[in-house]
Amino acid sequence: MSKVFALVDCNNFYASCERVFNPKLEGKPIVILSNNDGVIISRSNEAKALGIKMGVPVFKNATLLEKHNVNIFSSNYALYGDLSQRVMNTLVLISPDIEIYSIDEAFIDISDLYEKNFSEFGIHIKQTIYKWVGIPVSVGIASTKTLSKVANHYAKKHLENNGVFEMTSPDLVEKILKQTPVDEVWGVGRKYSKFLYKNQIKTAFDLRNAKDSWVRKNMSVVGLRTVKELRGEPCYTLDSMPVGKKAILTSRSYGKPLEKYDDVLQATSNFVSSCAEKLRKQKSCARAITVFVMTNKFSKGPQYINGKTIKFPVASNDTSEMIHYAAIALKMIFRNAYKYKKSGVIVNDLVPEENIQTSLWDTIDREKNKKLMKSVDKLNDLMGRNKVKFAVQGLDRKWKMKQEQLSPCYTTNWNDILEIKI
DNA sequence: TCTGGGGTCCTAGGACCC
DNA sequence: TCTGGGGTCCTAGGACCC
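This is the structure in structure tokens:
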């Protein structure tokens with residue numbers, strides 16, 4: 000029984016989100032900036048047409064942006080996250096066999112679709128999401144996930160297909176793979192595409208015909224899977240059960256460089272708090288915490304980058320305990336006389352909350368602390384993020400990031416709700 | 001002035017053991 | 001020249017994704 004996958008991918012997702020509640024932006028160039036308003040991470044088609052590149056610092060695009068009056072937004076993850084959920088909820092209603100792959104895309108297994116009219120189904124998906132949520136999507140349909148990615152890419156580039164492209168017939172697959180540059184294949188990144196080009200493998204079709212042993216040797220089993228998928232042999236199935244994360248990371252570049260230990264500690268303990276919250280949300284505890292700091296790699300000054308991992312005596316998701324160990328780690332790596340630009344916290348070695356191994360020598364009243372954390376989470380849920388926090392997290396937020404072009408949180412903040420003037 | 005953040009998986013090589 | 005061999009576990013680093 001052969002498989003059929005549909006990949007539903009939102010077009011220029013962040014830029015499209017900004018348009019949903021601000022129709023004046025329709026047809027106008029839009030770019031979205033990363034945290035700290037650093038680089039461009041999403042562009043509307045109009046912005047792409049102007050030659051504005053992805054991942055390029057804003058200041059390097061300043062003239063272009065100004066000249067064409069491009070609408071610039073700081074990233075607004077509260078808005079994007081909420082709209083993403085609406086898109087996914089809609090998809091689940093249409094077809095429950097779904098894997099949410101990222102904030103803006105999902106795979107659907109449509110192998111058993113009634114009457115096998117895949118293209119028509121794709122159009123139905125596209126129209127429904129646009130009508131209900133206001134986000135335009137593209138749909139790629141093929142017999143493996145990797146091929147459905149190729150099909151989706153093709154749909155986006157060739158608008159005559161109305162954003163839906165079915166690539167199920169072998170002849171068509173061959174034809175499209177021949178026109179697909181190898182670097183556009185899912186799983187082929189910068190390093191591999193350079194390597195493949197050097198070896199005369201330039202299209203997805205060339206890669207499909209590469210020798211298994213050669214691929215295995217040079218691109219590991221992961222590369223071999225990609226090749227097999229290009230041949231129509233599914234190696235990846237639909238992963239519909241969201242599993243708990245294996246590691247959780249919170250890090251930020253600071254709005255301005257910090258030099259004092261206390262300031263870096265303040266920033267870092269806020270990241271710990273965020274990691275701890277995420278742990279409690281997925282009902283996990285961590286057995287270890289890593290703290291890292293770094294200077295600005297783009298500046299000319301002295302550079303320093305270091306990290307330290309500390310294992311907990313007992314797996315934990317308690318903010319105060321985690322801050323305690325994070326501070327120890329930070330103390331070990333912190334050096335004076337550097338201008339720190341970024342720090343971060345990774346919690347790893349995660350275990351389910353209910354089966355943590357306690358220690359004989361444990362002196363902490365874990366039940367009491369658990370209740371405390373529960374109350375803190377409840378209050379913050381009710382009254383807004385970080386309304387209740389630990390003193391070390393500070394109030395002055397010297398590290399806070401730049402967000403000068405933030406759009407309103409139309410859907411997640413009552414104060415930002417859309418007003419309609421008649 | 002100004003260069004993001006959050007993940008996964010695989011492999012090579014070292015430590016350790018018998 | 002050559003210094004035992006083989007297994008397992010862990011970690012760091014590299015590739016990729018969005």
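Note that numbering that gives the first Met the number 0 has the first sequence beginning at 0, numbered continuously upward. Every residue gets a Cβ at the ideal spot worked out from N, C-alpha and C, and that includes glycine.
Item, Value
"Enclosing beta strand (DSSP E) for S74 [first to last residue]", "Note, S74: premise wrong, no beta strand (DSSP E); not H, not E."
"C-alpha gap between V425 and L278, whole angstroms", "Lying before the first or after the last residue shown, residue 425 is absent from the chain, which here runs from 0 to 421."
"C-beta contact flag for G306 and I288 at 8 Å", "no"
"Short Cβ contact (8 Å threshold) for N11 with S43", "yes"
"Contained beta strand (DSSP E) runs [length at least 3] in the stretch 286-318, N- to C-terminal order", "304-315"
"Coarse secondary structure for Y337, derived from DSSP in three states", "coil"
"C-alpha gap between S41 and A285, whole angstroms", "33 Å"
"Cβ neighbours of Y260 in the same chain (closer than 7 Å, five flanking residues each side left out)", "F333"
"Segment limits, beta strand (DSSP E) that includes D108", "104-108"
"Inter-residue spacing [alpha-carbon to alpha-carbon] between Y191 and M218", "8 Å"
"Where the alpha helix (DSSP H) containing Y260 begins and where it ends", "260-280"
"Nearest candidate by alpha-carbon position, reference K424, set G121, V346, A61", "Nothing about residue 424 can be reported from this structure: the residues present for the chain run from 0 to 421 only."
"G50 classed as buried or exposed, judged by whether at least 16 other C-beta atoms fall within 10 angstroms", "exposed"
"L329 beta carbon less than 8 Å from that of L248", "no"
"Neighbourhood of N379 by C-beta distance below 7 Å, restricted to the same chain and skipping five residues each side", "N385, K386, V387"
"Alpha helix (DSSP H) segments (min. 4 residues) lying fully within the stretch 140-213", "144-156, 169-178, 189-197, 203-207"
"Per-residue burial, R251 [other beta carbons within 10 Å of its own, 16 or more giving buried]", "buried"
"CA nearest to the CA of V181, picked from S73, M166, V138, T202", "T202"
"Buried or exposed (CB count within 10 angstroms, at least 16 for buried), K299", "exposed"
"The alpha helix (DSSP H) enclosing V375, as first and last residue numbers", "365-382"
"Backbone CA spacing between K370 and F117 [nearest angstrom]", "51 Å"
"Residue from Y196, N198, G254 with nearest C-alpha to M400", "G254"
"DSSP-derived helix/strand/coil call for V138", "strand"
"Residues bridged to A246 (per DSSP)", "N347"
"Distance between Q84 and I102 (C-alpha atoms, nearest Å)", "8 Å"
"Backbone secondary structure at I327 - three-state DSSP", "helix"
"6 Å CB neighbourhood of N160 in its chain, flanking five on each side removed", "A154"
"Beta-carbon contacts of D172 that lie in its chain and below 6 Å, excluding the five residues immediately before and after", "Reading the sequence as shown, one finds Val at residue 172 and not Asp. Only M166 meet the Cβ criterion."
"Option in G80, A46, M87 with minimal Cα separation from H67", "A46"
"Residue from Y76, Y13, K2, S374 whose Cα sits closest to the Cα of I96", "In the sequence under discussion, the amino acid at residue 96 is Asp, which differs from the Ile named in the question. Cα-wise, what sits closest to D96 is K2."
"Buried/exposed call for H152, threshold 16 Cβ in 10 Å", "buried"
"Given V69 as reference, the closest of L78, V57, K282 once Cα atoms are compared", "V57"
"Three-state secondary structure (DSSP) of S41", "strand"
"Other residues of its chain near L82: CB distance less than 6 Å, five sequence neighbours each side excluded", "C16"
"S118, enclosing beta strand (DSSP E) - first and last residue", "Premise fails: S118 lies in the alpha helix (DSSP H), 117-131, not in any beta strand (DSSP E)."
"The stretch 308-318 touching the stretch 201-216, judged by at least three CB pairs closer than 8 Å", "no"
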